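Colleague: Under my numbering, the first residue of the sequence shown is numbered 8, with each subsequent residue one higher.
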Amino acid sequence: SAKQQYDNLRENRYYSNLISGNITQQIRTDSIQVDIKKYPYYFRYYGTQKIIRTSSIVYRLLITEGYLRNTSTRTDHNRHGFLIEKWNTLENKNIRIENR
8 SAKQQYDNLR ENRYYSNLIS GNITQQIRTD SIQVDIKKYP YYFRYYGTQK
58 IIRTSSIVYR LLITEGYLRN TSTRTDHNRH GFLIEKWNTL ENKNIRIENR
């Protein structure tokens with residue numbers, strides 16, 4: 008799940024390393040495909056990740072997939088009330104590196 012991915016990244020100090028390395032990142036969505044004919048709803052996400060370091064800017068292709076399940080609860084942090092399940096990263100590779 009997305010929560011498990013977050014916990015794994017946190018445990019491996021990913022977020023602390025971003026802050027201590029003065030690294031910023033941006034995610035740009037290219038497209039999202041959702042199959043609403045079968046529940047839970049399968050999705051595939053296509054995007055570009057931009058990682059800005061003091062020495063370089065790295066652009067990565069990002070493709071993920073998973074399933075969306077309706078929940079009965081909507082919150083400020085989850086306005087549509089979907090839970091991501093079986094989330095998997097299919098592709099996360101460098102496509103361009105610019106030296107600064």
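Heads up, the beta-carbon is just placed ideally off N, CA and C, and yes, glycines get one too. Fair warning: this is a prediction, and the values are worked out from it, not measured in the lab.
Does the distance from the C-beta atom of Glu92 to that of Arg76 stay below 7 Å?
Modeller: Position 85 of the sequence shown, counted from the start, is the residue given in the question as residue 92. Position 69 of the sequence shown, counted from the start, is the residue given in the question as residue 76. Cβ atoms of Glu92 and Arg76: closer than 7 Å.
Colleague: Please report the distance separating the alpha-carbon of Thr61 from that of Leu16.
Modeller: Counting from one through the sequence shown, the residue named residue 61 turns up at place 54. Counting from one through the sequence shown, the residue named residue 16 turns up at place 9. Between Thr61 and Leu16, the C-alpha separation is close to 22 Å.
Colleague: Is it a yes or a no for the stretch 62-74 touching the stretch 87-107, going by three-plus beta-carbon pairs under 8 Å?
Modeller: Yes, since at least three Cβ pairs between the stretch 62-74 and the stretch 87-107 fall closer than 8 Å, the two stretches touch.
Colleague: Does Asn106 get closer than 7 Å to chain C when you measure Cβ to Cβ?
Modeller: You won't find chain C in this structure, because it holds only one protein chain.
Colleague: Could you tell me which whole beta strand (DSSP E) segments of length 3 or greater appear in the stretch 20-90?
Modeller: 31-42, 48-59, 63-77
Colleague: Closest to Phe50 by C-alpha separation, out of Tyr74, Gln32, Gln33, would be which residue?
Modeller: Numbered from its first residue, the sequence shown carries residue 50 at position 43. Checking every option, the nearest Cα to that of Phe50 belongs to Tyr74.
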